[in-house]
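Take a look at the structure set out below.
Number of protein chains: 4
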Amino acid sequence: MLSTSTSTAVEDVNAEHGRPVWFQLFAPTVWEPCEKLVRRVEAAGCPVIALTVDNTTGRNSETYLRALPKDLRPCLACHEGGLGPTVKGRRMYDGIDMTGAAMQNPRMTWELVDRLRQATSLKLLIKGIDTREDARLAVEHGIDGILVSNDGGRSTETGRSTIEALPEVVDEVRGRIPVLLDGGIRRGTDVFKALALGATAVGIGRPFLWGLGAFGQSGVERVLEILQGELKLAMGNCGAQTIAAIDRSYVATPDWRVCGVAGNVQ
Amino acid sequence: MLSTSTSTAVEDVNAEHGRPVWFQLFAPTVWEPCEKLVRRVEAAGCPVIALTVDNTTGRNSETYLRALPKDLRPCLACHEGGLGPTVKGRRMYDGIDMTGAAMQNPRMTWELVDRLRQATSLKLLIKGIDTREDARLAVEHGIDGILVSNDGGRSTETGRSTIEALPEVVDEVRGRIPVLLDGGIRRGTDVFKALALGATAVGIGRPFLWGLGAFGQSGVERVLEILQGELKLAMGNCGAQTIAAIDRSYVATPDWRVCGVAGNVQ
Amino acid sequence: MLSTSTSTAVEDVNAEHGRPVWFQLFAPTVWEPCEKLVRRVEAAGCPVIALTVDNTTGRNSETYLRALPKDLRPCLACHEGGLGPTVKGRRMYDGIDMTGAAMQNPRMTWELVDRLRQATSLKLLIKGIDTREDARLAVEHGIDGILVSNDGGRSTETGRSTIEALPEVVDEVRGRIPVLLDGGIRRGTDVFKALALGATAVGIGRPFLWGLGAFGQSGVERVLEILQGELKLAMGNCGAQTIAAIDRSYVATPDWRVCGVAGNVQ
Amino acid sequence: MLSTSTSTAVEDVNAEHGRPVWFQLFAPTVWEPCEKLVRRVEAAGCPVIALTVDNTTGRNSETYLRALPKDLRPCLACHEGGLGPTVKGRRMYDGIDMTGAAMQNPRMTWELVDRLRQATSLKLLIKGIDTREDARLAVEHGIDGILVSNDGGRSTETGRSTIEALPEVVDEVRGRIPVLLDGGIRRGTDVFKALALGATAVGIGRPFLWGLGAFGQSGVERVLEILQGELKLAMGNCGAQTIAAIDRSYVATPDWRVCGVAGNVQ
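As structure tokens, this is what we get:
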């Protein structure tokens, strides 16, 4: 999934990638630039737009603030208006007038979701639905899928992990739309557990970055190889012969509960 | 909220503050000085008296006792009768005959509460109601509000945190009077959680002192700025657009329970 | 409570103490010496015999075994037959023929309890009843009281603490006989909690020894003073004006459970 | 129990042991060598075959991989095809054509279990049944006993301990076949708890190896002596006079639950 903040334009990424990526949309506070982003992503052939709602207001990153260098002049070469997000060098904003518009919208409502829903026939996901109440609204507003996410645990950082939030979202959605999950996937056993609890698929972020930082392209490929290998080992040791066979009974014990119902799922 | 033990008189504080403060009442063991304190507070224009019941008997403060200097003569300049509380230099006791009266009453009963209730038309809170049983009595005795507090965790220090005590008090009170909370509020997310669990408002103590000790007046202002900023971030990331919108559903998971009732609050 | 293993005879202890102590009985494996111990204790005027069942088989004390000196000759001056318990120097066995009898009985049954019950009209407690099943049997066999104890946590050391075992014993006994508790009482708040959970009284062991080791007689007195002072502070801060007023509501929260029943005790 | 990977042939082990051992079968991926192993075990007089299903796919053993020496030539003297399992020097494979057959089968199904069941009249256990669903299938497929095991916690290592899995297996089996357990048995109290939760017997592995490494034959005997001694101490302190008397009431507290049923087992 390619972020709106990408340093490389979506068209270039798609060309290198060989097929169009999914697009992670940060919705600007003004509709016109938001619509222009959508049109550009459509034109680039991306099949999916994931509206991001899990970190729209930022956070009080004290560790980051303490670790900042005293001399910010090199930073300010890009971050013209201070240290917040900036469109400079962000290729997706090329040709879009962001005057008066912030890159992220801390006051999004379901009206914006409806407007986006009507504005595009692409698959529209919401990234950052972590409760049954919001899952219900997402289904009611015609969303095509949910990505249970908390921005890697960095926003509202006293919150639950996404694996804890997954069951209530899955229970609310009742199979009507896919439910994906990211945040905390580090091992094949993590993938197995998320699938067992009802995720259609999982996303990863930092493992890719760690592989990339260590060994570049081959590091990223090795990360995938390790995760897929561990998933196969977990499947074999648990006796699940296909991905489709991984259901809640593989992690639910008799006294396990979700939504107030005893976990005896047989 | 200004303590009865203040080193500055309530009239002076109100004058500097620009509007009258709330007054935290330590009820003496004898009624007459207690009533005189109430009258003085009324005359000073304070709108609220909070009767303090959460640390009336003291505690076995071993760390403090071990850290005491061997030579107590400088301490005893004020603490004339030993190291306990003393009225000397406590401006609120000026002109009040405390002969035979202790500053705090370890044997308070609901009769004293009734007497205070009848003695004043100010809003009367009780600070230190931490159980549903006492919350019920507070409502029955005509109290105007409850402050869930355990004196910063220092009294009866094996007790529950106030955030753990809050739900049973809120459930007992059922909105009839406001329920406030202090103790342990260090982050905007703490404020968010207390409001979500039913607190009308929260109080803070040590963060003010830390800010004051580090930077004086501007440190205290910065503490408030940080807390309010973090509260706004938590609200934004949780999708709560107003303080009034923060309800229990923001922290209750489907298997969360309070008072024996499953937490499905939708 | 004076142990059968005391180095000082019960008559001497009673004389110094000014009034007769309770007697902790280790039942020998043979009845005659057991009965002789009972008769001697009766003659000494002790009002209570507590039959000890919480450490009759010993334990695998590895730390102790590793810390033993290599040269055991000084030990063996008393421990004639090896390092186990020995009657030599144990004044309570003076004049009792222990030939063929072990000092403790790892195969006690309720028949022995019945025999003891019929053999004496003294109050007969059992020390070491930690489950509802044994509590029921104790009541059925006419025992006058139960001491919930696990020999200070040293026997069957993966077991529950006595404070965890107390509620099920109290619930089973339903007030028909007193239930006492020892093990882990270190603070006045521990006493408060045990009383709140239904204990009639508590026993302490190591705090006495620590006080004795540090300051002798006055150390033991100071231990009692600290514990009683802390108990009074806890009572004051909790609003319990008498020992009799300390009931389960002081520690039970609404979602607290014992014996499968929700803890709403009001 | 002798593993298929033994370095000493089952006939030699039985001769030295004085009576035939149980045999732990790793089922090759091809039927013929599997059947030949069964026939050889039958001929050697072994009474029990335990089909191993708890680690058939291996695991991502990072610590092991990091600790490997750089120069693998000494290893490869036996591990001809790389570092995986190899038949070279494994006496049980002598005379068996393993061409095209892997030593362990990561794709075992209940059809293989049925085939084994029909192929031999020896007692057939499955080692590695850790859930109620698989326990039910084991009973339905005519298995003679279950060994709750997770290969010492090494396979699918985020899984539950076997002591946690035991109750649901025991509850599902309802006494129709024996349920054994291994994994984590280090003390006599561990044995006591497993028996109390319904295990017919327990197996140990590492304690034998530690005793063997330290003192050879006598070390192994001492391990057994310690475990049996500690079991007797636990039995004595709990008042269980026979192994048969150790039932769930010895570990179940009133609020203990298994399979959604409150644990009041009296």
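Quick note, the sequences are listed as chains C, E, A and Z, same order. Going by my numbering, the first sequence opens with residue 14, and the numbers climb by one from there. Going by my numbering, the second sequence opens with residue 14, and the numbers climb by one from there. Going by my numbering, the third sequence opens with residue 14, and the numbers climb by one from there. Going by my numbering, the fourth sequence opens with residue 14, and the numbers climb by one from there. Glycine residues also receive a C-beta, built at the ideal position from the N, C-alpha and C atoms.
Open item on the list: Can you look up Z/L129 in the DSSP assignment and give me helix, strand or coil?
Closed with: When DSSP states are grouped into helix, strand and coil, Z/L129 belongs to the helix group.
Open item on the list: Taking beta-carbon pairs under 9 Å, can you tell me which members of the segment 231–261 of chain Z lie near chain A?
Closed with: From the segment 231–261 of chain Z, only I239, G242, E243, K245, L246, A247, M248, G249, N250, C251, G252 and Q254 have a Cβ closer than 9 Å to chain A.
- [ ] Select from A/P119, A/R53 and A/D157 the residue whose C-alpha is nearest the C-alpha of A/D290.
- [x] This structure cannot speak to residue 290 of chain A, because chain A is shown only from 14 to 279.
Task: Secondary structure of Z/V51, DSSP reduced to three states - done: The DSSP-derived three-state label of Z/V51 is helix.
Task: First through last residue of the beta strand (DSSP E) which encompasses C/L225 - done: C/L225 -> not in any beta strand (DSSP E); alpha helix (DSSP H) instead, spanning R219 to F228.
TODO: Count the other C-beta atoms from every protein chain shown that fall within 10 angstroms of the C-beta of C/Q282, then say buried if there are 16 or more, exposed otherwise.
DONE: Only positions 14 to 279 of chain C appear in this structure, which leaves residue 282 of chain C out of reach.
TODO: Could you tell me which chain E residues have their CB closer than 7 Å to the CB of C/P119, listed as they occur along the chain?
DONE: Chain E residues near C/P119: G249.
Open item on the list: Suppose contacts are defined by Cβ-Cβ distances below 7 Å. Is A/T19 in contact with A/A114 by that definition?
Closed with: No.
Task: C-beta atoms of Z/E185 and Z/R130 nearer than 7 Å - done: No, the Cβ-Cβ distance between Z/E185 and Z/R130 is not below 7 Å.
Open item on the list: Which residues in chain C have a C-beta closer than 7 Å to the C-beta of Z/N27? List them in chain order.
Closed with: Going along chain C, no residue has its Cβ under 7 Å from Z/N27, so there is no contact; the nearest lies around 31 Å.
TODO: Spell out whether any CB of chain Z is found under 7 Å from the CB atom of C/P33.
DONE: Judged by the 7 Å Cβ criterion, C/P33 is not in contact with chain Z.
- [ ] Find out if the Cβ-Cβ distance for the pair Z/I159, Z/V204 is shorter than 7 Å.
- [x] Contact: no.
Task: Test: A/P180 CB closer than 7 Å to a CB of chain E - done: Answer no: the Cβ-Cβ gap between A/P180 and chain E never drops below 7 Å.
TODO: Name, please, each residue of chain C whose Cβ falls closer than 8 Å to the Cβ of Z/T112.
DONE: Proximity of chain C to Z/T112 at the Cβ level (cut-off 8 Å) is not reached, the minimal Cβ distance being about 23 Å.
Task: Which of helix, strand or coil DSSP assigns to Z/F281 - done: In the structure displayed, chain Z extends from 14 to 279; residue 281 of chain Z sits before or after that span and is not available.
Open item on the list: Let me confirm a value: C/A90 is counted as buried when at least 16 other C-beta atoms fall within 10 Å, else exposed. Which label applies?
Closed with: So C/A90 ends up on the exposed side.
- [ ] Can you tell me which of the three DSSP states E/K245 falls into?
- [x] E/K245: helix per DSSP, three-state reduction.
Task: Nearest-angstrom beta carbon gap, Z/G201 and A/P119 [assumed within contact, 8 Å] - done: The beta carbons of A/P119 and Z/G201 sit about 14 Å from each other, so the pair does not count as a contact at 8 Å.
Open item on the list: Could you check whether the Cβ of E/D25 sits closer than 6 Å to any heavy atom belonging to the ligand MN?
Closed with: Of the ligands one can find in the structure shown there are none, so the ligand MN has no counterpart to examine.
TODO: Compute the Euclidean distance between the alpha carbons of A/P33 and A/G232, then round it to the nearest angstrom.
DONE: Approximately 22 Å between the Cα atoms of the pair.
Open item on the list: Which same chain residues end up closer than 6 Å to C/C251 when comparing Cβ atoms and leaving out the 5 residues on each side of it in sequence?
Closed with: Beyond the five residues adjoining it in sequence on each side, C/C251 comes within less than 6 Å, by CB distance, of Y263 in the same chain, given in chain order.
Task: Classification of E/I198 by the beta-carbon crowding that lies within 10 angstroms, buried from 16 upward - done: That one is buried.
- [ ] Would you list, in chain order, the members of the segment 51–72 of chain C that have their beta-carbon closer than 8 Å to a beta-carbon of chain E?
- [x] The segment 51–72 of chain C vs chain E, Cβ under 8 Å: V66, D67, N68, T69, T70, G71 and R72.
Task: Element boundaries [alpha helix (DSSP H), containing Z/V26] - done: Going by DSSP, Z/V26 is part of the alpha helix (DSSP H) stretching over V23 to H30.
Task: Start and end residues, beta strand (DSSP E) containing Z/A11 - done: In the structure displayed, chain Z extends from 14 to 279; residue 11 of chain Z sits before or after that span and is not available.
- [ ] For Z/S168, go through chain C and note every residue whose CB falls closer than 7 Å to its CB, in chain order.
- [x] Residues of chain C passing the Cβ test: N250.
Task: Where E/D110 falls, given that 16 or more other Cβ within 10 Å makes a residue buried - done: The Cβ neighbour count for E/D110, taken over all protein chains shown within 10 Å, is under 16; the residue is labelled exposed.
Task: CA nearest to the CA of C/K206, picked from C/P180, C/P60 and C/V236 - done: Nearest to C/K206 by alpha-carbon distance, out of C/P180, C/P60 and C/V236, is C/P180.
Task: Start and end residues, alpha helix (DSSP H) containing C/A212 - done: Here C/A212 belongs to no alpha helix (DSSP H), and DSSP marks it neither H nor E.
TODO: Check whether the Cβ atoms of C/Q37 and C/T76 sit closer than 7 Å, and answer yes or no.
DONE: No; because the gap between Cβ atoms is not below 7 Å, this pair is not in contact.
Task: Under 7 Å from the C-beta of A/T266: neighbouring residues of chain E - done: Result: E181.
- [ ] State the start and end residues of the unbroken alpha helix (DSSP H) segment that holds E/V186.
- [x] Start and end: T175 to V186.
Open item on the list: By DSSP's criteria, C/Q37 is part of a beta bridge. Which residues make up the other side?
Closed with: According to DSSP, which records beta bridges pairwise, C/Q37 is partnered with C/S16 and C/A63.
Open item on the list: Beta-carbon within less than 8 Å of C/L210's beta-carbon, same chain only, minus the 5 sequence neighbours each way: which residues are those?
Closed with: Once the five neighbours on either side are set aside, the close Cβ partners of C/L210 are I176, L179, P180, V183, R261 and V264.
TODO: On the DSSP bridge assignment, give the partners of E/K136 in chain order.
DONE: Its beta-bridge partners are E/V61.
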